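**Student:**
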Amino acid sequence: ISNADGLLASVGRFDLNFHDARLRLWFSEQGDLIIATKPVKAGIWTHFALVRDADNRLHLYINGELDGSTTSTLPAGFDDLDIARTNPSAGTAATITEFRLWDHARNAQQIGSNYRLMLDRKSKPAELQALMPGDALKMSGAAKVSGILDRPPVVTAEEAAAEAASFARYRSLMEAAGNLDRGRTLYEINCAVCHHGNLQDGSIGPTLDSVASKGTEGLLRSIITPNAGVESGYRTLHIKLQDGQLLQGYLAAENDRAITLRRLGREDLQVARKEIQNLRFDDRSLMPEGLLEALSDQEVVDLFEYLMSLK
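Numbers 950 to 1260, taken from my numbering, label the letters of the sequence shown in order.
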């Protein structure tokens, strides 16, 4: 994924595209304003939200979680921005499933609660100024709307409502004071088996040393809906070799010659790319859903107390 995958541009002035698989925003007068910390993988649907607040600072969200913010203020507005243009004569190589333009700065809770909810003209909120596809937006060049079989991991309105109720419940529990020591014990029982370190030392989940930096919404989203925005390193990777053998595990590392497959309870396996017939990531996270449902309210409060101390 590169700068050939443009999302929004005003040629020579404003460019929202990718470099080294990371979304970046370039502005002619200040250079790169914001660069995502998380890379994205080709073939995996990803949601990006770019928000400008009342102080004219920009905030980038990836799959509902805040990834980075600008430190300087920007002009009050940008005119004549083209959707999915990368240079004066070329359009993006990416597939965009939906484009939304809101009339206000969306907060983390608003973005997280409906970024997987597909909208149409009937369900379009009044504050949504533009929706593509749906609104009669002028298209040019090779741009077109077409049906696809590989749709993003969306939810229905009913499922979104159920998620919102779950978030509201656990959000209220996070506001209560818990016991740090009991929370640490719960963490060691429920979390540490996978999150004991980082992907370089044999762990199959990301380190949680600074998980509190996700904030309330980001932490809740990672626990309650772990399959909603899974990074490629934490999805199950299925590999079919040239001889027909099937392998699966987690992507620990990769280069031009080989990939390293991490498997629970086994040594890492390096697989030469020339031996691979095909590979694919599935849409399930290693992180199980329903983790909090097995805990009492007090245990949830204690676990959150400990997690929010990891800064």
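Cβ coordinates follow ideal geometry from the N, Cα and C atoms, glycine included.
All values reported here derive from a predicted model rather than from experimental measurement.
1. Since I believe N966 is in contact with G980 (beta carbons under 8 Å), could you give me their beta-carbon distance rounded to a whole number of angstroms?
2. What three-state label does DSSP hand T1134 in the structure shown?
3. Using the C-alpha atoms, what's the distance from A1003 back to Q1058?
4. Going straight from the alpha carbon of L1168 to that of L999, what length do you get?
5. Quick one, which of T986, P988, S1258, E1254 has its alpha-carbon nearest A1125's?
6. For G1083, does the three-state DSSP call read helix, strand or coil?
7. Name the DSSP bridge partner or partners of E1203?
8. Using 8 Å as the cut-off, can you tell me whether the segment 1221-1228 makes contact with the segment 1106-1122, which would need three or more C-beta pairs spanning the two stretches below that distance?
9. Anyone know if the C-beta pair for V1094 and M1067 falls short of 7 Å?
10. Find the nearest neighbour of A1114 within the set L1050, R1170, S1072, judged by alpha-carbon distance.
11. Once you ignore the five residues that flank T1022 on each side, which residues in its own chain have a CB closer than 7 Å to its CB?
12. Please report how far the alpha carbon of R1211 lies from the alpha carbon of K1223, in whole angstroms.
13. Report the rounded CA-to-CA distance for L1148 versus S1038, giving the unit in angstroms.
14. Which residues mark the beginning and the end of the alpha helix (DSSP H) in which N952 is found?
15. Quick one: what's got a C-beta closer than 6 Å to A991's C-beta in the same chain, skipping five residues either side?
16. Is it true that the CB of D1158 sits closer than 7 Å to the CB of L1259?
**Tutor:** On the basis of the supplied data:
1. Indexing the sequence shown from 1 puts residue 980 at position 31. Indexing the sequence shown from 1 puts residue 966 at position 17. Incorrect: roughly 14 Å between the Cβ atoms, too far for contact.
2. As a working mapping, residue 1134 is identified with position 185 in the sequence shown. Residue state, collapsed to three classes: helix.
3. As a position in the sequence shown, residue 1058 is number 109, starting the count at 1. As a position in the sequence shown, residue 1003 is number 54, starting the count at 1. Whole-angstrom Cα-Cα distance: 17 Å.
4. By 1-based counting over the sequence shown, the position of residue 1168 is 219. By 1-based counting over the sequence shown, the position of residue 999 is 50. Distance between the alpha carbons of L1168 and L999 is about 20 Å.
5. By one-based count along the sequence shown, residue 1125 stands at place 176. The shortest Cα separation from A1125 among T986, P988, S1258, E1254 belongs to E1254.
6. In the sequence shown, the residue the question calls residue 1083 occupies position 134. It is coil, neither helix nor strand.
7. The residue you call residue 1203 lines up with position 254 of the sequence shown. Answer is I1208, bridged to E1203.
8. no
9. Counting from 1 along the sequence shown, the entry for residue 1094 is found at position 145. Counting from 1 along the sequence shown, the entry for residue 1067 is found at position 118. No, they are not a contact pair.
10. For the purposes of this step, residue 1114 is taken as residue 165 along the sequence shown, with counting starting at 1. Nearest of L1050, R1170, S1072 to A1114, Cα basis: R1170.
11. Here residue 1022 refers to the residue found at position 73 of the sequence shown. Correct list, in chain order: D1004, N1005, R1006.
12. Position 262 of the sequence shown, counting from 1, holds the residue named residue 1211. Position 274 of the sequence shown, counting from 1, holds the residue named residue 1223. Approximately 19 Å, taken between the alpha carbons.
13. By 1-based counting over the sequence shown, the position of residue 1148 is 199. By 1-based counting over the sequence shown, the position of residue 1038 is 89. Because L1148 sits at a pLDDT of 42, beneath the cut-off of 50, its placement in the model cannot be relied upon, and the point is left open.
14. One-based indexing of the sequence shown puts residue 952 at position 3. Premise fails: N952 is in no alpha helix (DSSP H) and is neither H nor E.
15. In the sequence shown, counting from the first residue as 1, residue 991 sits at position 42. Only I950 meet the Cβ criterion.
16. Position 310 of the sequence shown holds residue 1259. Position 209 of the sequence shown holds residue 1158. Yes, these two residues count as a Cβ contact at 7 Å.
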